[in-house]
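Below is one structure, written out as structure tokens, with a few remarks after it.
Shown next as structure tokens:
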């Protein structure tokens, strides 16, 4: 891992500009667009942006206003399956770029975990509905006993009533 | 528009949902970006300078490991800036870039101590739990006041978004 701490970033002027922001565009698992379509769409906007296609979607860097405009346009392609988040490091920064490291970049594992939920999140956004998280459990024994007693008592009362009625009818007939 | 702090502070799902609702997310990446672009940092591969643990003393005692104080020097100011907060607990081990358990505890403690409107959730494991989490977050975000002077960023992001699950009329009337 010596390489990781010895890399000189050698950033350009754009990378050092505090007004320049970097955003990651991450496609959900149910996305109807591909990474290249997203990148092409952003190139067609003609904005002064640095765009990099990645395995998860794209990375876009530029002035904040331009980046937000680009994201807005791209999101129109598939509003429920395109997610974005900020990124601290500029695209291709050797401190984070996987090409210069001996393993996954920082943040990969988090994205891997969150990607598993992205499909559910897009479903929830597309079709919002109330869900019940209460699990069905067995009726406790004590409660069951009480219910049974009540039922039996009611049954006995009904039987007694019927018998009384029959008695009274018989007496009347006699 | 309200500044919403999140925990885990670099969560994609939380940040995206907050921006969809037109609020400003206080994500850790923004604090990191300031560090990355700072010309004063002498050793570029290192994000933290020797001054950061000293700044972190505001949030953690001197006996606390310097790693915690260094992390708190980035997360602490975000927490102080927060006007609302969303905390998701029980995230998988190693979630995000702060695997330090003590920093996580301190961050959550500070967020709760702020006394701002806070939504606390558990990390979802299946579809129903995720749907429930998204519903709760959207309802919570709708209940936050929206200022008329929202930034261009939020207006743009808000326009392309998800249908409202619920809305709080009281706050809208206040606007």
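Protein chains in written order, with the working numbering: chain Y, 1 to 174; chain B, 1001 to 1175. By construction, the Cβ of each residue, glycine as well, lies at the ideal position given by its N, Cα and C atoms. Model, not experiment: these values are computed from the prediction.
is_contact[residue i, chain Y] using C-beta, thresh 8 Å
i: residue 1145 (chain B); result: no
i: residue 1082 (chain B); result: no
i: residue 1136 (chain B); result: no
i: residue 1121 (chain B); result: no
i: residue 1075 (chain B); result: no
i: residue 1003 (chain B); result: no
i: residue 1033 (chain B); result: yes
i: residue 1052 (chain B); result: no
i: residue 1086 (chain B); result: no
i: residue 1012 (chain B); result: yes
i: residue 1089 (chain B); result: no
i: residue 1049 (chain B); result: no
i: residue 1148 (chain B); result: At residue 1148 (chain B), the pLDDT of 48 sits below 50, so the modelled position is not reliable and the matter cannot be decided from this model.
i: residue 1024 (chain B); result: no
i: residue 1092 (chain B); result: yes
i: residue 1165 (chain B); result: Here residue 1165 (chain B) scores only 39 on pLDDT, less than 50, and its place in the model should not be relied on; the value that follows carries that caveat. Answer yes: the Cβ-Cβ gap between residue 1165 (chain B) and chain Y drops below 8 Å somewhere.
Buried versus exposed, by CB contacts within 10 Å (16 or more), residue i
i: residue 123 (chain Y); result: buried
i: residue 150 (chain Y); result: exposed
i: residue 1107 (chain B); result: buried
i: residue 137 (chain Y); result: exposed
i: residue 1019 (chain B); result: buried
i: residue 157 (chain Y); result: exposed
For residue i, three-class secondary structure by DSSP
i: residue 57 (chain Y); result: strand
i: residue 38 (chain Y); result: helix
i: residue 62 (chain Y); result: strand
i: residue 124 (chain Y); result: helix
i: residue 31 (chain Y); result: coil
i: residue 86 (chain Y); result: strand
Cutoff 8 Å: residue i Cβ touching any chain B Cβ
i: residue 128 (chain Y); result: yes
i: residue 51 (chain Y); result: no
i: residue 38 (chain Y); result: no
Sequence-distant residues of its chain with Cβ nearer than 8 Å to residue i (five each side left out)
i: residue 11 (chain Y); result: 90, 93
i: residue 126 (chain Y); result: 80
Own chain partners of residue i with C-beta closer than 6 Å, once the 5 adjacent residues on each side are dropped
i: residue 1105 (chain B); result: none
i: residue 56 (chain Y); result: 26
i: residue 1021 (chain B); result: 1141
Same chain, Cβ closer than 7 Å to residue i, five either side skipped, listed in chain order
i: residue 64 (chain Y); result: 19, 21
*What residue ranges within the segment 1052-1117 of chain B form continuous alpha helix (DSSP H) runs of no fewer than 4 residues, ordered along the chain?*
1066-1081, 1101-1114
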